[in-house]
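So the protein lines, in turn, are chains E, H, Y and B.
Under the working numbering, the first sequence has 39 at position 39, and the numbering climbs by one with no breaks.
In short: position in the second sequence from 1, add 1000, done, that's the working numbering.
In short: position in the third sequence from 1, add 2000, done, that's the working numbering.
In short: position in the fourth sequence from 1, add 3000, done, that's the working numbering.
The beta carbon of each residue, even a glycine, is placed where N, CA and C say it ideally should be.
Below is one structure, written out as structure tokens; comments come after it.
Number of protein chains: 4
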Amino acid sequence: MKHTDVETLFADNIKTTDLSEKQQKVLQASLTLFAQKGYENTSTLDIAHLAGVSEGTVFKHFKTKDGLLQAILNPFMHDIFPRVAGEFIDALHESIFDSFESFIRYVVKDRMTYAMDNRQEMKIFIQEMVKNPAIMTTLTNRLSKLIQGGVDTLFHEYKEKGELVDWDSMRIIRMASGVIVGYLIPNVIMSETPLDIDKTTDEVCEFLLDGLKPR
Amino acid sequence: MKHTDVETLFADNIKTTDLSEKQQKVLQASLTLFAQKGYENTSTLDIAHLAGVSEGTVFKHFKTKDGLLQAILNPFMHDIFPRVAGEFIDALHESIFDSFESFIRYVVKDRMTYAMDNRQEMKIFIQEMVKNPAIMTTLTNRLSKLIQGGVDTLFHEYKEKGELVDWDSMRIIRMASGVIVGYLIPNVIMSETPLDIDKTTDEVCEFLLDGLKPR
Amino acid sequence: MKHTDVETLFADNIKTTDLSEKQQKVLQASLTLFAQKGYENTSTLDIAHLAGVSEGTVFKHFKTKDGLLQAILNPFMHDIFPRVAGEFIDALHESIFDSFESFIRYVVKDRMTYAMDNRQEMKIFIQEMVKNPAIMTTLTNRLSKLIQGGVDTLFHEYKEKGELVDWDSMRIIRMASGVIVGYLIPNVIMSETPLDIDKTTDEVCEFLLDGLKPR
Amino acid sequence: MKHTDVETLFADNIKTTDLSEKQQKVLQASLTLFAQKGYENTSTLDIAHLAGVSEGTVFKHFKTKDGLLQAILNPFMHDIFPRVAGEFIDALHESIFDSFESFIRYVVKDRMTYAMDNRQEMKIFIQEMVKNPAIMTTLTNRLSKLIQGGVDTLFHEYKEKGELVDWDSMRIIRMASGVIVGYLIPNVIMSETPLDIDKTTDEVCEFLLDGLKPR
DNA sequence: CATGAATGAGTTTTCATTCAT
DNA sequence: TATGAATGAAAACTCATTCAT
């Protein structure tokens, strides 16, 4: 039950658009610096230096500084997020989880791993969301549609088996993601000791399972 | 059990340091614009225009643009957050909550109200945290110390009465704040329909109470 | 019969908009350099150097480099040209010329003096016209309307007196201005020995008078 | 009495220096774009795109962007203008014009046709002249020498026959070319309805003939 | 105290030109 | 010979900050 991580998808994306070696370095440098110092505090000269190229090279392919940001964020918005969400839902349907517990345990671990594997991208995303709420609105809508479609029937099963509280699907997701997000964000933003995923999963799941038990 | 909101404390703060009327307008304009467009995307000229003063005036009192940011954030960091936290803890001790439920219900509602009442300041705070994790680290440490001191004994009570799961205080706080934060952040950042606090409190508490029930 | 020259009108214009001393120097430097090297071959740094100010100062008032060009050309297009044309026509009506010859002699000398007095502005104007024909079209239309209104009746008089050929007014103007323009342009563009206006007036008029004699 | 137009001479010139098909496209693209947007507002990338070649190819033969401009203007300056002027003078000597009128009519029509047939080149030429008066000075000198030599004797004939005013040759030429230039420039620069050459010739000649009649 | 003109370092961006493939 | 990625110098423009009035 291996999940495709962003690095791989990103790499695909890069190969597709045939980026030269230097251009890939530019993209990588942007990723690092945007995550480290924020978009506006990163100068294109900084990027050029870190990538070991000239300033002209930064603009040759990506045209503008914003183009560089989009080159990082767009795959997330339009490709990778939906694709990961799709894969995730497929995974849910294919594999039969013997209980809601094993299901929730998988979900929590999977999402946490994903987030920690892609800290940098996440951080930039969060920065942009905070500045430009429109991104968040769009994303929220996209994801809620994707999830609602695939998850409703699944939740229904668990509700019938008496393993899951009889709430609206979105409320359940909101609660669960709230806990996960609340746990993750500090770890994504501060570069603390990189989180013991197994232990965290245990803690979160224990809490979630009781909070979402049928009354 | 009215809680002192930031506006009031802020006003105190301003009076203390003897800000002229124009300087207050400058501070207010900064607050609005930093929240709206982010710190780096706000020019000191923007601030001057919105405040209806000259560019020189923006610097007369606050010396630098960063000084302006600090004038907004410092009260949060060094005065208001702790003070509010202190008040909050005092309140806990003064008033006897007849059950953990009424306690948690108060906490959730209080913190939510506080956050929604101070959206703008929150937004700036979040933006700065995301860019500069040091702020978050400091804040986390400060708050955890403050809370731990006052809350441990309180939690012990409820645990003995069999109303609260026997976990480490920090873990309980982390879970609870995770749910609250996960719920709030989207509302602070997007200017969605401004959140029905009573309904949200009900939903969150129902969930928390079962998640934090003793096993 | 003194004609108001551009310098004076320009000065008015500057006083009106309250330009600081340095900003006037910026405008003057732009005028000189645009005329000398052309708009695109003049850098804002060049302008700053010649004006003896910093580069920032160049942009403080005029916002963009194009703004600087417009600040030079607009008075010509929208104020000075029409105003001069108006004055010119008024002058025609006020003063009674005893013959078509004295009339044409006044016109030729007046226009030539005007052009030579404002070489720099003329040169920039010509440069922009050549690059952007729209300017020429607009200007041609504006002037032809202005002139047609005031000149028709005047020409009619001279035609009746048998001093002027019975052609369409526009054709007469085209011929006369053709000769004048053809004579002037080389002198405006090359900074040759600065043209003996009296001698040139004699030459041009002798030619025009016979060319425009009734058949 | 067909006059060799620039296109043809240009083609000769190109063949001589063995331009590859791609290089010809580069030259053609430069011609179009320089005329349309001006030299400095045309980038070598623009040229490459319009010519359908790579950026490197633009420089392969012409070395620099200025080289490209020279490749367009030099034939005018050093080959085509003089050659056309020479052809023109030869034509004058070979063919006997029965009157000054038929002579002037031929000249006017010939020069007008030439100018309208080579609008683009003319426009670039004018642009460069306006920016760099040296070109104009050189050209004026070259042409005046060429013309003076061939034209003096011819004018003498007509003066003796009583068909031409007894002015200095240069003054006559200046007057005539003034009228023609004044008429043409607006048409070269603005892309107005492309000029009825026969009608214009009539108008111009009627005017010129009387202006240049002996007194 | 307040003003706003002036500053100049820093930023994004363009573009002619080179050169390895 | 043709390509187009890479270059880096120079351009236009921004902006926090200073200071004479």
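How many Å lie between residue i and residue j at the Cα?
i	j	result
K1109 (chain H)	N1074 (chain H)	25 angstroms
Q3028 (chain B)	G3038 (chain B)	14 angstroms
T2004 (chain Y)	I3089 (chain B)	For T2004 (chain Y), the predicted structure reports a pLDDT of 48, less than 50, and the residue's modelled location is therefore unreliable. A value from the coordinates is still provided. Each residue's Cα considered, the two are about 46 angstroms apart.
E206 (chain E)	D152 (chain E)	23 angstroms
E1094 (chain H)	E1160 (chain H)	20 angstroms
L2031 (chain Y)	I2185 (chain Y)	18 angstroms
A3085 (chain B)	E2128 (chain Y)	30 angstroms
F2125 (chain Y)	Y2183 (chain Y)	17 angstroms
S3054 (chain B)	I47 (chain E)	28 angstroms
K2063 (chain Y)	I172 (chain E)	54 angstroms
R3119 (chain B)	Q23 (chain E)	44 angstroms
L1209 (chain H)	K1060 (chain H)	52 angstroms
G2162 (chain Y)	D2168 (chain Y)	15 angstroms
D1166 (chain H)	P1214 (chain H)	7 angstroms
M1122 (chain H)	I72 (chain E)	27 angstroms
K1036 (chain H)	V1130 (chain H)	One point to set straight first is that residue 1036 (chain H) is Gln, not Lys, in the sequence displayed. For Q1036 (chain H) and V1130 (chain H), the distance between alpha carbons rounds to 16 angstroms.
H2156 (chain Y)	P2082 (chain Y)	23 angstroms
N1132 (chain H)	P2133 (chain Y)	54 angstroms
N3141 (chain B)	Q3070 (chain B)	19 angstroms
Q148 (chain E)	S1177 (chain H)	26 angstroms
Please list, in chain order, all residues of the same chain as residue i whose beta carbon is under 7 angstroms from its beta carbon, the five residues on each side excluded.
i	result
L195 (chain E)	M116, N187
T3044 (chain B)	E3055, V3058, K3065
V204 (chain E)	V108, V179, I180, Y183
Note down, in chain order, each residue of its chain lying with its Cβ closer than 8 angstroms to the Cβ of residue i, except the 5 sequence neighbours on either side.
i	result
E3040 (chain B)	none
T201 (chain E)	R105, V108, K109, M112
I197 (chain E)	K109, M112, T113, M116
T57 (chain E)	K22, Q23, V26, A48, A51
L2019 (chain Y)	L2027, H2061
K1199 (chain H)	none
DSSP three-state label for residue i, please.
i	result
T2200 (chain Y)	helix
S2102 (chain Y)	helix
P1039 (chain H)	With the sequence shown as reference, residue 1039 (chain H) is identified as Tyr, and Pro is not the correct amino acid for it. Three-state result, Y1039 (chain H): coil.
M1077 (chain H)	helix
D3018 (chain B)	coil
D1168 (chain H)	coil
G1178 (chain H)	helix
I3266 (chain B)	Here chain B has residues from 3001 to 3215 only, and residue 3266 (chain B) is not among them.
L3068 (chain B)	helix
G162 (chain E)	coil
K1063 (chain H)	coil
P2082 (chain Y)	helix
F207 (chain E)	helix
G2056 (chain Y)	helix
I3173 (chain B)	helix
F1034 (chain H)	helix
L1195 (chain H)	coil
T2008 (chain Y)	With a pLDDT of only 49 at T2008 (chain Y), under 50, the local geometry of the prediction cannot be trusted, and no value is derived from it.
L3212 (chain B)	coil
Compute the beta-carbon to beta-carbon distance between residue i and residue j, rounded to the nearest angstrom, for a pair I have assumed lies under 8 angstroms.
i	j	result
L3164 (chain B)	L3212 (chain B)	6 angstroms
M2175 (chain Y)	V3179 (chain B)	7 angstroms
N2170 (chain Y)	I3189 (chain B)	Before going on, a small fix: residue 2170 (chain Y) reads as Met here, not Asn. The Cβ separation is near 19 angstroms, so there is no contact.
L3139 (chain B)	M3077 (chain B)	7 angstroms
Apart from the five residues on each side of it in sequence, which residues of its chain come closer than 6 angstroms, Cβ to Cβ, to residue i?
i	result
I1158 (chain H)	Looking at the sequence provided, one finds Tyr at residue 1158 (chain H) rather than Ile. For Y1158 (chain H), where only same-chain residues beyond five positions count, the Cβ hits under 6 angstroms are F1100, L1164.
K1015 (chain H)	Here the model assigns K1015 (chain H) a pLDDT of 47, short of 50, so the residue's position is not dependable, and the following value carries that caveat. Excluding positions up to five away in sequence, the list is empty.
F2034 (chain Y)	T2042, I2124
F971 (chain H)	Because chain H in this structure spans residues 1001 to 1215, residue 971 (chain H) falls outside the shown range and cannot be described.
G1993 (chain Y)	Residue coverage of chain Y in this structure runs from 2001 to 2215, which leaves residue 1993 (chain Y) outside it and unanswerable.
L2068 (chain Y)	S2030, F2062
Taking 7 angstroms as the line, does the beta carbon of residue i fall inside it for any heavy atom of the ligand GDP?
i	result
L146 (chain E)	No copy of the ligand GDP appears in this structure; indeed no ligand is present at all.
| Mind pulling the alpha helix (DSSP H) runs of 4 or more residues that sit fully within the region 2108-2156 of chain Y? | 2119-2131
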